[in-house]
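Protein chains in written order, with our numbering: chain A, 3 to 272; chain B, 10 to 235. For every residue, glycine included, the Cβ atom is placed at its ideal position computed from N, Cα and C. Written out below as structure tokens is the structure these notes cover.
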Amino acid sequence: MKFIKNHITFILPLMAVLIGLEFYFVFERTTKNYEEGLKNNYSMLIVAHDKVDIEYLRTLNSHIATIEEVKKDSIVDEISKGLKDSSKASLSKILPHFYNTKLDTYLSMDDISTIKADLEKSNKIKSVETFDNSHNSTYKLFVFLKFIFKIFILFIGIVSFFLIFKQMEVWSLTHRERMNIMEIFGAPLFLRSAVMYRIAVTDAFFSSIFISLVFVYLKYNWASSSGIEILMHNRELIFEFSDFFKMLGISLAIVITSVYLVVSNMKDES
Amino acid sequence: MSNTSVINASYLNLSYHDESSEIIKDASFTINKGDFVFITGPSGSGKSTLLKALYGKLKPFSGDLNVGGLDMNEISNKNLQKLRQNLGIIFQDYKLINEWSVEKNVALPLIIAGYSKDIQHTQAKRLLTHVKLLDHIYKKPLELSGGEQQRVGVARALSKNPFLILADEPTGNLDEYSSNVIWDLMENTCEQLNTTVVVVTHKIPNIFSIPYRHLIIENRGIYEIH
Numbered sequence: 003m004k005f006i007k008n009h010i011t012f013i014l015p016l017m018a019v020l021i022g023l024e025f026y027f028v029f030e031r032t033t034k035n036y037e038e039g040l041k042n043n044y045s046m047l048i049v050a051h052d053k054v055d056i057e058y059l060r061t062l063n064s065h066i067a068t069i070e071e072v073k074k075d076s077i078v079d080e081i082s083k084g085l086k087d088s089s090k091a092s093l094s095k096i097l098p099h100f101y102n103t104k105l106d107t108y109l110s111m112d113d114i115s116t117i118k119a120d121l122e123k124s125n126k127i128k129s130v131e132t133f134d135n136s137h138n139s140t141y142k143l144f145v146f147l148k149f150i151f152k153i154f155i156l157f158i159g160i161v162s163f164f165l166i167f168k169q170m171e172v173w174s175l176t177h178r179e180r181m182n183i184m185e186i187f188g189a190p191l192f193l194r195s196a197v198m199y200r201i202a203v204t205d206a207f208f209s210s211i212f213i214s215l216v217f218v219y220l221k222y223n224w225a226s227s228s229g230i231e232i233l234m235h236n237r238e239l240i241f242e243f244s245d246f247f248k249m250l251g252i253s254l255a256i257v258i259t260s261v262y263l264v265v266s267n268m269k270d271e272s
Numbered sequence: 010m011s012n013t014s015v016i017n018a019s020y021l022n023l024s025y026h027d028e029s030s031e032i033i034k035d036a037s038f039t040i041n042k043g044d045f046v047f048i049t050g051p052s053g054s055g056k057s058t059l060l061k062a063l064y065g066k067l068k069p070f071s072g073d074l075n076v077g078g079l080d081m082n083e084i085s086n087k088n089l090q091k092l093r094q095n096l097g098i099i100f101q102d103y104k105l106i107n108e109w110s111v112e113k114n115v116a117l118p119l120i121i122a123g124y125s126k127d128i129q130h131t132q133a134k135r136l137l138t139h140v141k142l143l144d145h146i147y148k149k150p151l152e153l154s155g156g157e158q159q160r161v162g163v164a165r166a167l168s169k170n171p172f173l174i175l176a177d178e179p180t181g182n183l184d185e186y187s188s189n190v191i192w193d194l195m196e197n198t199c200e201q202l203n204t205t206v207v208v209v210t211h212k213i214p215n216i217f218s219i220p221y222r223h224l225i226i227e228n229r230g231i232y233e234i235h
């Protein structure tokens, strides 16, 4: 009973850290997916005196991902209703070139302003329209959500770390006498603390496997009926196999560090 | 008895804090291979402190102390571990690991030295037969009486054939019968294995059949009684 209690009181905070961590992975993937959507839907309009190509624009700013020229004919048709064909041709000649431009990543308004300034430095470019109002409000909401979530994860992490260290103190009391006796008989530090390392590593494996199974369940049984559109259509965002190894690595790092701290701070009372 | 020195102290001073609180002062003595030595003295005279210095728990404050050819002033952590692995230490409060079986407690020095499970088992069985506790091999120490626990302590001290056995009041918590059993075991060990034994005690047993030396700690000094 005492053995189970010792494990549970260590595993629970470790699981809390891992759940927070896995939520963070899921959130990162989901937001990346969402960012991709925002990025794809966002474009800038470049008005140029002369024809320009993608290579030229990239020399001005490397964030330019694609350009697509807006056909002059459709613009001329739109603004020249009732004019003669000869007038349309003249109009077409004097109209500048219009380009729809997409970026390689989702950027803040400051970055977009920098891109605009870079492009407008060129003599070939007359002006750049960034449509910043709608973009800015969406971006700010997005950054705010990311910030809140990270704070939440950090808070869970800190509370869990305190619980883990508290449990480590209990462990140090439980194992102190045995370790002191082993020290008297010349056992090196690793051998003296081997039992604690073994328990901690077992708990790290158990916690990582358990949390992985929970998220596998959510992925295959819950996501499709969750009602959350982005998860219903992107079930693979919930859990990736590599997450198990990330969680295992981090939980092993936590427990090994914790055991090391306890062992190295243990006062010899023999 | 050969005259190879196992312990050599020269102007040894021991203190937990500073010079003003020295517990042992300017002590010089030599203990040779095969010697059986009783160290006596009143309570608080520094008997256990001296023993701690002998197994490297307390560094000499000043002076020289050499145990098993190692200078205890300059001993490295690794050498200290090696030295302790070759000592047999017996405590008044037994210092057994209560969550381990009697067998595993006896085999502790062999576990630390990395011996195989077979050797550990064989040696533990042999020693538990020697101390007449084979029937209790799989029990936990707390299931045994005080005398029995101390016999386990003696068996543990012998398990790796140490060159030196240090005993800190080994019969301090035992009744007369159990004390006699422990003294018999220690006499036999010294006689059969020619092991050096240093026993810190407040009283030398009345009946002791092998030759022994007697050091007494008095007024912070260590003197031999002939």
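- For Phe217/B, no beta strand (DSSP E) encloses it, and the DSSP letter there is neither H nor E.
- The beta carbon of Asn82/B sits closer than 8 Å to the beta carbons of Lys68, Pro69, Asp73 and Leu74 from its chain, once the five residues preceding and following it are set aside; these are given in chain order.
- Between Ile226/B and Lys56/B, the C-beta spacing is below 8 Å.
- Following the DSSP letters along the chain, one finds Asn267/A inside the alpha helix (DSSP H) bounded by residues Phe243 to Asn267.
- For Ser24/B, no alpha helix (DSSP H) segment is defined; the enclosing uninterrupted segment is the beta strand (DSSP E) at Ser14 to Ser24.
- No residue range can be given for Ser54/B, since it is assigned to no beta strand (DSSP E) and is classified by DSSP as neither H nor E.
- When Cβ-Cβ separations below 8 Å define contact, Leu175/A makes no contact with chain B.
- For Arg180/A, the chain B residues whose Cβ falls inside 9 Å of its Cβ are Ile106, Asn107, Glu108 and Trp109, in order along the chain.
- In this structure, Ala176/B places its C-beta atom within 8 Å of the C-beta atom of Val206/B.
- Taking each of Phe154/A, Phe146/A and Arg60/A in turn and checking the Cα distance to Ile21/A, the smallest one comes out for Phe154/A.
- Secondary-structure assignment with DSSP links Tyr101/A through a beta bridge to Ile48/A and Glu71/A.
- Contact between the region 51-61 of chain A and the region 85-96 of chain A is absent: fewer than three C-beta pairs spanning the two stretches fall below 8 Å.
- If you look at Val111/B, you'll find it in the alpha helix (DSSP H) that goes Val111 to Val115.
- The Cβ of Gln90/B sits closer than 8 Å to at least one Cβ of chain A.
- Along the region 116-145 of chain B, the positions whose C-beta sits under 7 Å from a C-beta of chain A are Leu117, Pro118 and Ile121, read in chain order.
- Any Cβ of chain B closer than 8 Å to the Cβ of Ala255/A would place that residue at the interface, and such an atom is absent.
- Excluding residues up to 5 positions away in sequence, Leu105, Ile106, Pro150, Val161 and Arg165 lie with their Cβ nearer than 7 Å to the Cβ of Asn114/B in the same chain.
- For Ser187/B, the uninterrupted alpha helix (DSSP H) segment begins and ends at Glu185 to Leu202.
- Taking CB atoms only, Met170/A has no neighbour in chain B less than 8 Å away.
- Considered as a whole, the region 92-178 of chain B harbours 111-115, 117-122, 126-139 and 155-167 as its complete alpha helix (DSSP H) runs of no fewer than 4 residues, in chain order.
- Leu175/A places its beta carbon 8 Å or farther from that of Met184/A.
- The C-alpha of Lys142/A lies about 10 Å from the C-alpha of Lys148/A.
- Taking 8 Å as the cut-off between beta carbons, the residues of the region 189-218 of chain A near chain B are Ala189, Pro190 and Leu193, in sequence order.
- Annotation for Lys221/A: no beta strand (DSSP E) segment contains it, and DSSP assigns it neither H nor E.
- With respect to the 8 Å criterion, Leu167/B and Gly97/B are classified as neighbours on the basis of their beta carbons.
- The region 194-206 of chain A and the region 215-223 of chain A do not touch, with fewer than three beta-carbon pairs separated by less than 8 Å.
- Contact with chain B is absent for Met17/A, since none of that chain's Cβ atoms lies less than 8 Å from the residue's Cβ.
- Any Cβ of chain A closer than 8 Å to the Cβ of Gln159/B would place that residue at the interface, and such an atom is absent.
- Two segments are said to touch when three or more pairs of C-beta atoms, one from each, lie closer than 8 Å; by this definition the region 245-254 of chain A touches the region 17-33 of chain A.
- Linking Thr259/A to Lys168/A through their CA atoms gives a straight-line distance of about 14 Å.
- The residues Ile219, in chain order, have a CB closer than 6 Å to that of Glu200/B in the same chain once the five nearest residues on each side in sequence are set aside.
- If you draw a straight line from the Cα of Thr39/B to the Cα of Asn203/B, it comes to about 17 Å.
- The three-state reading of DSSP puts Asp27/B in coil, since its state is none of H, G, I, E or B.
- Assignment of Lys53/A by DSSP, reduced to helix, strand and coil, places it in the coil class.
- In summary, Leu263/A is exposed, with fewer than 16 beta-carbon neighbours lying within 10 Å of its beta-carbon over all protein chains present.
- With contacts defined by Cβ atoms closer than 8 Å, Ile13/A and Ser209/A form a contacting pair.
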